[in-house]
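Heads up, the thing below is written out as structure tokens.
Numbering (this note's numbering), first residue to last: 3 to 89.
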């Protein structure tokens, strides 16, 4: 068990704690922030796994995942700021 495996397990545990924060968050903004942090930590997991496997194709996957996560958060934020389902 090397340092990258330990780091991967720590990041996965942090994802689990952030999922709990997402579920228990009081406001929609806390939940949105937790979702953004989950996206970032999953991106870190993909990159650590790419280094572990010595496979650069995972880096392309991580890049596309980060773009989709960013666009998704932007769309959810616009939806919330415009009133959500209330209109």
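Note that CB positions come from ideal geometry on N, CA and C, so glycine has one too. Bear in mind the structure is a predicted one, so any value in this text is a computation, not a measurement.
Among residues of its own chain, excluding the 5 on either side of residue i, which ones have a beta-carbon nearer than 7 Å to its beta-carbon?
i          : result
residue 39 : 20
residue 6  : 50, 53, 54
residue 14 : 47
In terms of residues, what are the limits of the alpha helix (DSSP H) holding residue i?
i          : result
residue 38 : 30–55
residue 74 : 59–83
residue 7  : 5–26
Are the beta-carbon atoms belonging to residue i and residue j less than 8 Å from one another?
i          : j          : result
residue 44 : residue 17 : yes
residue 37 : residue 12 : no
residue 64 : residue 82 : no
residue 78 : residue 34 : yes
Which same chain residues end up closer than 6 Å to residue i when comparing Cβ atoms and leaving out the 5 residues on each side of it in sequence?
i          : result
residue 71 : 41
residue 68 : 45
residue 61 : 52
Can we say the region 50–69 touches the region 77–88, given the rule of at least three CB pairs closer than 8 Å?
-> No, the region 50–69 is not in contact with the region 77–88.
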